[in-house]
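Q: Numbering of the sequence shown is given in the numbering used here, commencing with residue 44 and proceeding in unit increments. Idealized CB from N, CA, C, for every residue including glycine.
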Amino acid sequence: MNPLSQTAELLWSRRLAVMLPLGFASGLPLALTAGTLQAWLTMEGVDLATIGLFTLIGLPYTVKFLWAPVIDRLVPPWLGRRRGWMVITQLCVAGGLVAMACVNPRIQPEVLAAVALLVAFCSASLDIVLDAYRTDTLLPAERGFGAAVWVNGYRLALLIAGAGALLLADRIGWPATYILMAGILFAGIAVIFVSPEPQLYAPPPTRLAEAVGAPLKEFFSRPHALGLLAVVVLYKLGDAFASALQTTFFISGLGFTATAVGSVKGVGIAATLIGALAGGVIMTHTTLLRALLLFGGLQAVSNLGFAVLAWAGNNSLFLFATVVIENVTGGMGTAAFVAFVMSLCNHRYTATQFALLSSVEALGRVFSGKPSAELVALVGWGNFFLLTFLIALPGLGAVWLVRRQMTSAAAALPSAAADAA
């Protein structure tokens, strides 16, 4: 089969087709309990201290691995282990958004906070089961492109729940906006009913104790488990450092206006989507190992563009080129990285292992801000971005060190998938 026909076959796969709307369902609630909710509170005149406390609502997304074993262990009486939970959690999120619309934030901010926290918990639970479903459904050859399609659906949802919701609220009000968003999620449940059953099936854990302890035990029993974990931690670390203070760099370091920065960031979102899709297409014609090395190398080199921009100064053309290149390569790297994490999951414990690995990867984004600020103060912006290039290299080294483990695992997966099918 020629490359064009292979790509066309992937595009027509029902497993791939549902990734876009499911990724959309995963991303929609996030902004509605974060930035969009902050905008609502601000426009209602809620004091800044109270708004600051609302940022804690995002906590369930960072600790979702704590209850992921329950989703691995319990099987709903309808639609199976993954799709049954998808219906339950998506219904709960949609109902929670309607409940948020019924609360007046000026009169009962504490009630709104409690309901929003419940929505975030249900949304994080939806993320757990959707990640597990994607991992169990996509065959190895489909993972890169499937991850790219998923990322595009997720980003589109963030755009609609962010900028789209703000525009709607000006016209129809905040309660109606949240009810409309809930309606979109409720309608999206129809996609779950037409989604195919997972291809890579394994029986669920027999006891909750097994669901809690066995995923870690199984992962660390593998050869080079620490090396695989190092790839998870380090692969996107250079990107995390480079983006930690990016907006501050553009405005304070280079003197660009907020309008200019906002415009170029909009272009950056589009570039990320293009990069993710391009990376997914490339991955249909190469191995995961080669994709990780190629895209990781491009990610690292793209950080050097910020160093050039720092030395060039306030140059709009350089700003545009740097942001586009960085986001395209970042999107490609994300597609490869998500496919890599999917390849690490044992299908008996997919929900727990994916939640744990994604939480470990997020540590770089969470904790890179303070050391980034200290490095900038010490060496300046240009040298800081040179250092982010060096910070990205250990991730590539970790990929190279576990290349044999990755190759042997990839060779074993097609036969397992065939047996499951």
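(1) How is residue 162 classed by DSSP in three states: helix, strand or coil?
(2) Could you pull the start and end residues of the alpha helix (DSSP H) that residue 90 belongs to?
(3) What ranges does the beta strand (DSSP E) occupy inside the region 131–206, keeping only unbroken runs of at least 3 residues that lie completely in it?
(4) Just to confirm the assignment, what range does the alpha helix (DSSP H) spanning residue 121 have?
(5) Which of the three DSSP states, helix, strand or coil, is assigned to residue 58?
(6) Rounded to whole angstroms, what's the CA-CA distance from residue 219 to residue 144? Just pull it up for me.
(7) Could you give the DSSP three-state label for residue 265: helix, strand or coil?
(8) Between 231, 444 and 255, which has its C-alpha nearest residue 133's C-alpha?
(9) Using the Cα positions of residue 268 and residue 441, report the straight-line distance between them to the nearest angstrom.
(10) Tell me the rounded alpha-carbon separation between residue 121 and residue 312.
(11) Using the three-state DSSP reduction, which class does residue 249 fall into: helix, strand or coil?
(12) Taking Cβ to Cβ, would you say residue 173 is nearer than 9 angstroms to residue 68?
(13) Pick from 433, 107 and 203: whose alpha carbon is nearest that of residue 283?
(14) Around the Cβ of residue 170, are there at least 16 other Cβ atoms within 10 angstroms (buried) or fewer (exposed)?
(15) To the nearest angstrom, how far is it from the Cα of residue 464 to the Cα of residue 317?
(16) Where does residue 71 sit, in a helix, a strand or coil, going by DSSP?
(17) Is residue 278 helix, strand or coil when you go by DSSP?
(18) Specify, as a first and last residue, the run of the alpha helix (DSSP H) that residue 369 falls within.
(19) By a C-beta neighbour count over all protein chains shown, 10 Å radius and 16 as the cutoff for buried, is residue 426 buried or exposed?
(20) Assuming residue 361 contacts residue 371 (C-beta within less than 8 angstroms), just tell me the rounded distance between them.
(21) For residue 62, I'd like the list of residues in its chain whose CB is within less than 6 angstroms of its CB, leaving aside the five on either flank, ordered along the chain.
(22) Buried or exposed: where does residue 346 fall if 16 or more other Cβ atoms within 10 Å of its Cβ makes it buried?
(23) Entirely within the region 274–360 and at least 3 residues each: give me those beta strand (DSSP E) ranges in chain order.
(24) So, are the CB atoms of residue 187 and residue 378 less than 9 angstroms apart?
(25) Check residue 238 in the structure and name its three-state DSSP category.
(26) Using the rule of at least 16 other Cβ atoms within 10 Å of the residue's Cβ for burial, across every protein chain shown, is residue 458 buried or exposed?
(27) What does the alpha-carbon distance come out to for the pair residue 201 and residue 73?
(28) Residues in its own chain within less than 8 angstroms of residue 226 by CB, not counting five upstream and five downstream?
(29) Indicate whether the contact test is met: 3 or more Cβ pairs, each with one atom in the region 235–242 and one in the region 141–161, closer than 8 angstroms.
(30) Of all the options 59, 111, 205 and 58, which has the alpha carbon lying nearest to the alpha carbon of residue 71?
(31) Go ahead and pull the three-state DSSP assignment for residue 392.
(32) Roughly how many whole angstroms lie between the Cα atoms of residue 252 and residue 112?
(33) Helix, strand or coil: how does DSSP classify residue 105 here?
(34) Name the residue from 86, 417, 397 and 357 whose alpha carbon lies nearest to the alpha carbon of residue 212.
A: In brief:
(1) Translated into positions along the sequence shown, residue 162 becomes position 119. Correct three-state label for residue 162: helix.
(2) As a first step, residue 90 must be located in the sequence shown, where it is residue number 47. Neither: residue 90 is in no alpha helix (DSSP H) and is coded neither H nor E.
(3) none
(4) Here residue 121 is taken as the residue at index 78 of the sequence shown, counted from 1. Residue 121 -> no alpha helix (DSSP H), and no H or E assigned at all.
(5) The residue given as residue 58 occupies position 15 in the sequence shown. Residue state, collapsed to three classes: helix.
(6) By one-based count along the sequence shown, residue 219 stands at place 176. By one-based count along the sequence shown, residue 144 stands at place 101. Straight-line Cα distance between these residues: approximately 7 angstroms.
(7) What you label residue 265 is simply residue 222 of the sequence shown in a count that begins at 1. It is coil, neither helix nor strand.
(8) For the purposes of this step, residue 133 is identified with residue 90 of the sequence shown, where counting begins at 1. Of the candidates 231, 444 and 255, the one whose C-alpha sits nearest the C-alpha of residue 133 is 231.
(9) Residue 268 sits at position 225 when you count from the first residue of the sequence shown. Residue 441 sits at position 398 when you count from the first residue of the sequence shown. Each residue's alpha carbon lies about 11 angstroms from the other.
(10) Here residue 121 refers to the residue found at position 78 of the sequence shown. Here residue 312 refers to the residue found at position 269 of the sequence shown. Their Cα atoms are separated by approximately 38 angstroms.
(11) As a first step, residue 249 must be located in the sequence shown, where it is residue number 206. Reduced to three states, the DSSP call for residue 249 is coil.
(12) Translated into positions along the sequence shown, residue 173 becomes position 130. Translated into positions along the sequence shown, residue 68 becomes position 25. Closer than 9 angstroms, so yes.
(13) Within the sequence shown, numbered from 1, the residue matching residue 283 stands at position 240. Here the closest residue by C-alpha is 433.
(14) As a first step, residue 170 is located in the sequence shown; it is residue number 127 there, counting from the start. Buried is the call here.
(15) As a working mapping, residue 464 is identified with position 421 in the sequence shown. As a working mapping, residue 317 is identified with position 274 in the sequence shown. Confidence in residue 464 is poor, its pLDDT being 35 and thus under 50, which makes the residue's placement too unreliable to answer from.
(16) Counting from 1 along the sequence shown, the entry for residue 71 is found at position 28. It is helical.
(17) To locate residue 278, count along the sequence shown from 1; it is residue 235. Residue state, collapsed to three classes: coil.
(18) Reading the sequence shown from its first residue, position 326 is the one you call residue 369. Residue 369 -> alpha helix (DSSP H) spans 359–387.
(19) Here residue 426 refers to the residue found at position 383 when the sequence shown is read from its first residue. Burial call: exposed.
(20) Here residue 361 refers to the residue found at position 318 when the sequence shown is read from its first residue. Here residue 371 refers to the residue found at position 328 when the sequence shown is read from its first residue. Cβ-Cβ separation between residue 361 and residue 371: approximately 16 angstroms, too far for a contact (criterion under 8 angstroms).
(21) For this step, residue 62 is matched to residue 19 along the sequence shown. Result list for residue 62: 189, 192 and 193, in chain order.
(22) For this step, residue 346 is matched to residue 303 along the sequence shown. With 16 or more Cβ atoms within 10 Å of its Cβ, residue 346 is classed as buried.
(23) none
(24) As a position in the sequence shown, residue 187 is number 144, starting the count at 1. As a position in the sequence shown, residue 378 is number 335, starting the count at 1. Contact flag set, yes.
(25) Numbered from 1 along the sequence shown, position 195 holds the residue referred to as residue 238. Residue state, collapsed to three classes: coil.
(26) Here residue 458 corresponds to residue number 415 of the sequence shown, with the count starting at 1. Reliability fails at residue 458, whose pLDDT of 37 lies under 50, so the model's placement of it is uncertain and the value that follows must be treated cautiously. The residue is exposed, with fewer than 16 neighbouring Cβ atoms inside 10 Å.
(27) Sequence index remark: in the sequence shown, residue 201 carries index 158 (1-based). Sequence index remark: in the sequence shown, residue 73 carries index 30 (1-based). Taking the straight line from one Cα to the other gives about 7 angstroms.
(28) Residue mapping note: residue 226 aligns to position 183 of the sequence shown, counting from 1. If we look at residue 226 and ignore the five residues flanking it on each side, its Cβ neighbours are 137.
(29) no
(30) Mapped onto the sequence shown, residue 71 falls at position 28. Nearest of 59, 111, 205 and 58 to residue 71, Cα basis: 205.
(31) Within the sequence shown, residue 392 is the residue found at index 349, counting from 1. Residue 392 falls in the coil class under three-state DSSP.
(32) Position 209 of the sequence shown, counted from the start, is the residue given in the question as residue 252. Position 69 of the sequence shown, counted from the start, is the residue given in the question as residue 112. Rounded to the nearest angstrom, the two C-alpha atoms are 9 angstroms apart.
(33) The residue labelled residue 105 in the question sits at position 62 within the sequence shown. In the structure shown, residue 105 sits in a helix (DSSP, three-state: H, G or I).
(34) As a position in the sequence shown, residue 212 is number 169, starting the count at 1. The residue with the shortest Cα to Cα distance from residue 212 is 86.
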